[in-house]
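To keep things clear, I will list the structure first and then write my remarks on it.
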Ligand code: SF4
Ligand code: SF4
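This is the structure we're talking about:
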C-alpha cells in the first residue's frame, strides 16, 4: 500500500490508505423533481438496474466492517425506495449513524415516525425543489410554507436533529436573509447554504446559475451578521456557507483526497470515490462483482489518483499538493479534458483562464431559469446519445 | 467565574457517543459529521448519561485515577468546550 512514487525525489510517498468512514448509498436515480442543478450523471436514465435490498445489506455490512460510521441515504429521491425503512433499520443495527437526505417530497408524518422507529438518526431536507417552489416559499406563499413548516415541525417533534440545505444560485442568493430567517423559524440545527457545484446538470446550466462576485460577497456578509446574532442569542443553529470554488485562487481539497474517506455506491452498484466520478474515463468497480475490501484497497479506479505519483506539472513540483491534492479530478476533466491536470480553479493551472472567463460571463449572463436544461428523463437520453 | 458542578450534562439530541473498533477510538457522531475523541475526552464522554452531574463525573474519574490534581479542572474545561460547541446540554 505504501510508497509507489519513491523513484522521483520531489514526489512524496503515497500515504497509507485511510478508512472509508463515509458511505453514501445512492439508492435510486428516480426522483419526482427536475432540478436544473442536479448532481446526478447526465445519462442517469441509461444506468443499470437498482441494487436489491439484500445487495444493499451486504454493502452496508462490508463497509461497516471496514470502518464506515456515517451512512447517508440519498438519490435521486430515496423515499421512492419501498424498502427504505428496512435499509435504515439494518444500517442502525450495524452501528451506523444514519442520515436521510431528501427533498421532502413524499415525506409524511407517518414515515417520519416509522423511520424513527427503524432507528434513523437524522433527516436533511433539501430545498432543492423546483425553483418555482423555492421562490414561492421565499416570496411568502402561505401554502408552500405551511407544508414545509408542518414537515419540519414533525421532524423536530420526533426528536430528530434537522439539517436544512438550500442550494443557492444567482436567482435566489440575493434573498439569503429570507432563507436564513426561514431556517431559524423552522428550528434547524444546521443550515447549509451551498452555491451549487458545477458538476453534472449544474455544469450544463452554469451560465444561468453562477452568481457574480458581488452577489456572493453580499450573501457571505449577511450570513456572518446572522451568525453573530445567533451566537449572541445562544441559539445552537449553525450556518454553513459554501462558496463556489470558481471564485477561489486555489482549489478545494476535493473529498479530502481521492479514495481517502468517502465511498459512494450508485443505484446500480458502481463504487465511486466521489459522487461525481462516474463521468471520468476511469473504470470503476461494481459491488455485484467485487468485495468492498477489494474495491477500496486494490481496485484500479480507487487507486488511480491516490498519492502524488500520478501528478503532472504544475502540481508535481508544487509545495501545496499535500494540502489540496491538486483539486477536483472531475473539474479538471470537465474543463481541461484530462483528469490528471491541475484543477483549473488553481491560478497556477495553464487552463485557469476558463475559470476567469466563467466569472466574466457571470457578470453579464442573463439566462433566465426557464431556458435551463431541466433534469428529466427526456433530456438525459438526448444528452447521453450525443 | 466558577463552574456549577451540580449541572448534569447530556448529549444534544441527535448526537451519539460510541466506540469505533476500526479507529480504535471513541467518536461523537452527529448529522453528517464525526469527531474523534482523545482518551481523556472519551473517559469523560463515557460517563455522560443524563443522570450523573459534573460532580459525580469528577468523583468517578478521581476514583479511577487517584492523585491527579488537575483532573477536576480538565473535566470542567471539557464541559465548557462541549457546551460551546453544542455537543452537550447542561441543565
Ligand atoms: S438535485 Fe433535484 S433532481 Fe437531482 S436528485 Fe436531487 S431533488 Fe432530484
Ligand atoms: S498547482 Fe496543483 S498542487 Fe499546487 S496549488 Fe495548484 S492545484 Fe494545488
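Chains as they are written, first to last, in the UniProt record's numbering: chain Z, 1 to 386; chain B, 1 to 91.
C-beta: ideal position from N, C-alpha, C; glycine also.
Please determine whether the Cβ atom of residue 254(Z) lies at a distance below 7 Å from any heavy atom of ligand 2. no
Proximity test, residue 330(Z) beta-carbon vs ligand 2 heavy atom, cut-off 7 Å: no
Using a Cβ cut-off of 8 Å (strictly closer), state whether residue 51(B) contacts chain Z. no
Please confirm if the region 209-220 of chain Z is in contact with the region 259-275 of chain Z, defined as three or more CB-CB distances below 8 Å between the two stretches. no
Which two residues bound the contiguous alpha helix (DSSP H) that contains residue 98(Z)? It is not in any alpha helix (DSSP H) - residue 98(Z) instead sits in the beta strand (DSSP E) that spans 97-102.
Proximity to residue 22(Z) [Cα-Cα], best of 12(B), 34(B), 26(B): 34(B)
In chain order, what residues place their C-beta within less than 6 Å of a heavy atom belonging to ligand 2? 250(Z), 251(Z), 314(Z), 315(Z), 318(Z), 320(Z), 321(Z), 324(Z), 326(Z), 327(Z), 342(Z), 343(Z), 346(Z), 348(Z)
Per DSSP, what kind of secondary structure is residue 300(Z) in: helix, strand or coil? helix
Which one of 277(Z), 19(Z), 25(Z), 354(Z) has the shortest CA to CA distance from residue 23(B)? 19(Z)
For residue 77(B), is the classification buried or exposed, using 16 other Cβ atoms within 10 angstroms of its Cβ as the cut-off for buried? exposed
Residue environment, residue 300(Z), which counts as buried when at least 16 other CB atoms sit within 10 Å: exposed
First through last residue of the alpha helix (DSSP H) which encompasses residue 184(Z): 176-185
Given a cut-off of 8 Å, decide if residue 309(Z) and residue 17(Z) are closer than it, judged by their beta-carbon atoms. no
Got a sec, what are the start and stop residues for the beta strand (DSSP E) residue 311(Z) sits in? Unbroken run through residue 311(Z): none, as it is neither H nor E.
Just the chain Z side, please: which residues come within less than 7 Å of residue 86(B) by C-beta, in chain order? 236
Any beta-carbon of chain B closer than 8 Å to the one on residue 334(Z)? no
Report yes if the CB atom of residue 169(Z) is closer than 8 Å to the CB atom of residue 195(Z), and no otherwise. yes
Leaving out five residues on either side along the sequence, give the residues of the same chain with a beta carbon under 6 Å from the beta carbon of residue 180(Z). 226
Taking only three categories from DSSP, how would you classify residue 352(Z)? helix
Residues bridged to residue 26(B) (per DSSP): 19(B)
Does the count of Cβ pairs from the region 73-89 of chain B and the region 43-60 of chain B closer than 8 Å reach three? yes
So the candidates are 24(Z), 348(Z), 108(Z); which of them puts its Cα closest to the Cα of residue 319(Z)? 348(Z)
Can you find a CB in chain Z that lies within less than 8 Å of the CB of residue 31(B)? yes
Cutoff 6 Å; reference residue 240(Z); Cβ partners in own chain excluding five residues on either side: 192
Below 9 Å between beta carbons is the criterion; list the residues of the region 14-31 of chain B that meet it against any residue of chain Z, in chain order. 14, 15, 16, 18, 20, 21, 22, 23, 27, 29, 30, 31
Residue 34(B) CB to nearest chain Z CB: under 8 Å? yes
Quick one: what does DSSP say residue 341(Z) is sitting in, helix, strand or coil? coil
Chain-ordered chain B contacts of residue 300(Z) [CB-CB under 8 Å]: Result: empty, since nearest Cβ-Cβ is about 24 Å, beyond 8 Å.
8 Å Cβ cutoff, residue 69(Z) in contact with chain B: yes
Determine the DSSP secondary structure at residue 110(Z), reduced to helix, strand or coil. helix
Going by DSSP in three states, residue 30(Z) sits in which element: helix, strand or coil? coil
Against residue 159(Z), what residues of chain C qualify as contacts under a CB-to-CB distance less than 9 Å, listed in chain order? No chain C is present in this structure, whose protein chains are Z and B.
How many Å lie between residue 74(Z) and residue 101(Z) at the Cα? 5 Å
Got a sec, what are the start and stop residues for the alpha helix (DSSP H) residue 78(B) sits in? 71-84
Of the residues 173(Z), 317(Z), 62(Z), 184(Z), which one's Cα is nearest the Cα of residue 152(Z)? 184(Z)
By Cβ distance below 6 Å, which residues in the same chain neighbour residue 230(Z) in space, the five residues on each side in sequence not counted? 237
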